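Worksheet for the structure shown next.
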């Protein structure tokens with residue numbers, strides 16, 4: 011069998027012999043595309059080299075010594091195997107064949123590129139893992155070929171091999187030897203715009219010198235967007251380039267300064283852009299799929315040096331005109347990182363329930379995520395889960411137990427990460443830590459997603475509880491208004507959550523403060539800081555410090571910041587305004603569980619609820635506890651791993667916000683290969699669409715996401731003339747006040763005592779505003795949601811699940827909240843302002 015083949019003797023079907031790169035170059039050359047000529051040392055050459063030098067058994071033995079968790083074992087293995095390969099001589103017949111093919115190329119300089127071969131489906135995974143050598147001469151050709159072979163065993167490649175479970179597969183490598191084009195300008199092209207996903211747009215990036223400068227991210231290239239049909243340039247973005255990589259007089263690659271007169275010029279003329287676009291279209295037409303292309307320009311002629319399928323396109327991210335979506339709330343101060351992990355966990359719930367989960371569509375915009383679902387899909391899932399709970403009375407408690415154990419494991423891991431010297435870790439080790447943490451969150455969410463799924467599309471459990479209570483109230487001849495109180499009390503969890511513990515601690519401090527009038531006076535001075543208390547050695551300062559150390563993470567949410575002593579000082583200051591309520595509130599919080607248990611017993615007796623009926627309220631209690639515990643301890647975990655994200659941010663020269671919008675799959679390329687796309691990260695921060703089903707999670711940003719937003723939300727218009735809304739009671743009571751729309755932490759400062767807080771859905775960041783509210787109203791949520799749990803603990807009237815309150819009402823509207831019956835009514839002020 012021949013060990014070397016010219017490009018003209020290869021086609022796309024020869025990838026097992028020539029690797030993807032070699033087979034593609036042969037295919038394009040034979041299709042008449044402008045590819046610099048060359049030849050390929052087939053993978054058999056490498057296999058024979060290992061066999062003749064008896065290296066296979068030695069390499070396998072070395073690889074068996076690798077412990078993927080110990081970097082030194084990876085580095086030692088790499089050094090040993092590399093030494094084995096580069097120090098062996100090629101046989102005389104192979105040397106002679108290589109040099110004969112080289113001479114026929116009639117090129118002083120060649121590019122020597124690794125081209126991996128592996129089992130079907132695994133080859134693309136090796137793209138970017140192996141090495142390329144440019145401007146190679148006859149003198150170092152044979153050495154560079156052996157280096158390409160050895161690059162199959164670099165530390166990075168060994169880690170990749172084990173991390174991806176490829177260590178049991180047969181992996182070999184072919185070597186491409188290609189005429190080196192002395193590129194004046196080079197770049198990358200995509201036959202489908204990889205960011206907007208617009209199939210009628212081409213994206214071309216161009217820079218002076220060799221393309222390595224663009225691929226490595228060390229320069230910002232020009233970018234051109236071209237419409238395919240009709241062919242025309244849509245955008246031309248020129249970036250200043252001060253230096254480029256060029257071949258020097260010794261044939262080495264080095265950085266050179268770009269003449270000042272050329273630095274700010276457009277790299278390709280409009281005519282050249284259109285000329286290259288036609289070649290790109292020919293390549294896409296030939297292959298029949300979108301392509302990622304590397305090209306060079308020399309003496310006004312374009313050459314194609316590589317083409318491969320675009321692997322990042324969301325090829326099935328298509329929302330048909332007939333698709334209808336239900337908007338199901340929003341979450342603020344959240345970013346892509348936890349959203350992705352939570353979605354992955356949601357789809358794992360099938361392993362616990364046997365119930366497939368439907369399709370989600372989400373829009374993330376400046377750290378606010380809107381959730382939409384396909385009508386009917388989550389209702390079916392919720393109904394099936396309730397059926398499991400009905401048939402197995404212990405099942406919901408098993409879920410609680412599983413969640414608690416996984417949260418314990420997650421917190422142990424995140425705490426260990428927070429104590430690790432991350433700056434001393436290699437990129438591969440840092441990736442391992444990041445992936446391990448992600449895996450733990452996903453596993454936790456497998457249990458933590460059960461409760462939300464049941465009520466996500468429709469209030470299935472809440473409706474069941476309402477019906478039970480309505481029937482009982484009618485039978486016992488009680489007033490309908492009793493429903494709200496009964497529902498709130500019976501569905502409240504007896505176990506205390508962290509927000510409740512923090513509240514109790516605050517009131518304990520307040521009780522100590524009111525014993526000392528001088529301290530009260532000092533704190534009520536708005537400018538008194540924690541340091542001012544500390545400087546006076548006041549005992550209360552130590553209590554506040556202890557409180558901060560214990561509870562600083564409770565309101566962290568997904569991105570912080572953690573709360574400092576002065577934040578808790580402001581909470582204490584507000585608590586001192588109504589000193590008469592402090593002891594009463596402290597005793598209520600202290601006796602929360604026994605008082606609640608007593609109230610529940612009285613309601614059960616009053617309504618004469620059967621054991622079977624009360625069972626469903628116990629389910630609601632477990633769901634409330636699960637959601638609250640998962641939320642609280644997840645936030646503690648995200649706080650603990652903030653240093654990990656900061657270390658990644660430092661290494662990649664990205665902002666924390668950008669790091670938090672990298673997908674799990676991208677992080678590997680970002681950390682190990684430095685293939686960083688800041689543009690797409692910035693676009694995602696501004697707007698990103700996420701389509702998730704049980705097969706995959708897809709992302710769309712930029713103009714594609716904007717277009718999709720307009721298509722989806724066209725049917726979600728709100729009738730703002732509505733003056734009255736109906737929701738579900740979370741905690742009973744009545745209030746009249748002015749509306750404050752509170753969606754994110756920045757809105758909290760506008761809340762005043764006695765306002766009506768209206769939101770999509772609340773989260774811990776909004777608790778300071780909730781404390782000031784005369785009543786709380788949300789668009790979304792069932793009786794186990796955050797607003798319901800907190801309102802019960804704070805004894806604030808609350809109506810949830812109104813669907814549109816935050817869209818219909820606006821800041822300053824005067825409303826009446828009747829949380830006995832679940833109504834919110836807009837009041838008309840006649841004759842000027844009305845005192846409320």
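In this note's numbering, the protein residues as written are 11 to 846. Every residue gets a Cβ at the ideal spot worked out from N, C-alpha and C, and that includes glycine. No experiment lies behind these values; they were computed from the predicted model shown.
With a 10 Å radius around the Cβ and a threshold of 16 neighbouring Cβ atoms, residue 704 comes out exposed. DSSP assignment within the stretch 18-51 yields the following whole beta strand (DSSP E) runs of 3 residues or more, N-terminal first: 48-51. The beta carbons of residue 775 and residue 477 sit about 34 Å from each other, so the pair does not count as a contact at 8 Å. Counting every other CB atom within 10 Å of its CB across the protein chains shown gives residue 525 a total below 16, marking it as exposed. The three-state reading of DSSP puts residue 290 in helix, counting H, G and I together. Assigned with DSSP and collapsed to three states, residue 636 falls in helix. Judged by DSSP in its simplified three-state form, residue 649 adopts helix. CA-CA distance, residue 187 to residue 120, rounds to 6 Å.
Look at residue 57 here: in three-state DSSP terms it is helix. For the pair of segments examined, the stretch 642-658 was found to touch the stretch 439-456: the number of CB pairs separated by less than 8 Å reaches three. Annotation note: the stretch 412-482 contains the following uninterrupted alpha helix (DSSP H) runs of length 4 or greater, listed N- to C-terminal: 437-458 and 460-466. Annotated three-state conformation of residue 159 is helix, per DSSP. Residue 768 is classed as buried because its beta carbon has at least 16 other beta carbons within 10 Å across all chains shown. Within the stretch 652-722, complete beta strand (DSSP E) segments of at least 3 residues are found at 698-702 and 707-711, given in chain order. The continuous beta strand (DSSP E) containing residue 211 extends over residues 211-218. Taken through DSSP and simplified to helix, strand or coil, residue 200 comes out as strand.
Burial is judged here by how many other beta carbons sit within 10 angstroms of a residue's own beta carbon; residue 554 has at least 16 and is buried. Taking the Cα positions, residue 447 is about 47 Å away from residue 824.
DSSP places residue 610 within a helical segment (H, G or I) once states are collapsed to three. Burial of residue 208 is indicated by the presence of at least 16 other C-beta atoms within 10 angstroms of its C-beta. For the pair residue 282 and residue 173, the Cα-to-Cα distance works out to about 43 Å. In the three-state reduction of the DSSP assignment, residue 485 falls in the helix class, which pools H, G and I. Ranked by how close their Cα comes to the Cα of residue 641, the residues 624, 606 and 451 have 451 in first place. Between residue 267 and residue 252, the gap from beta carbon to beta carbon is short of 8 Å.
Boundaries of the beta strand (DSSP E) harbouring residue 786: 785-788, taken from the DSSP string.
For the pair residue 432 and residue 657, the CB atoms are nearer than the 8 Å cut-off. Assignment of residue 567 by DSSP, reduced to helix, strand and coil, places it in the coil class. The C-alpha of residue 24 is placed about 13 Å away from the C-alpha of residue 14.
Less than 8 Å divides the Cβ of residue 47 from the Cβ of residue 115. Between residue 559 and residue 335, the alpha-carbon positions lie close to 44 Å from each other. DSSP places residue 798 within a helical segment (H, G or I) once states are collapsed to three.
Per the coordinates, the alpha-carbon of residue 770 lies some 12 Å from the alpha-carbon of residue 819.
Inter-residue distance for residue 397 and residue 623 is about 15 Å (C-alpha atoms, whole angstroms). The DSSP-derived three-state label of residue 166 is helix.
Counting of Cβ neighbours within 10 angstroms places residue 112 among the buried residues, the total reaching 16 or more.
Nearest to residue 587 by C-alpha distance, out of 533, 610, 689 and 625, is 533.
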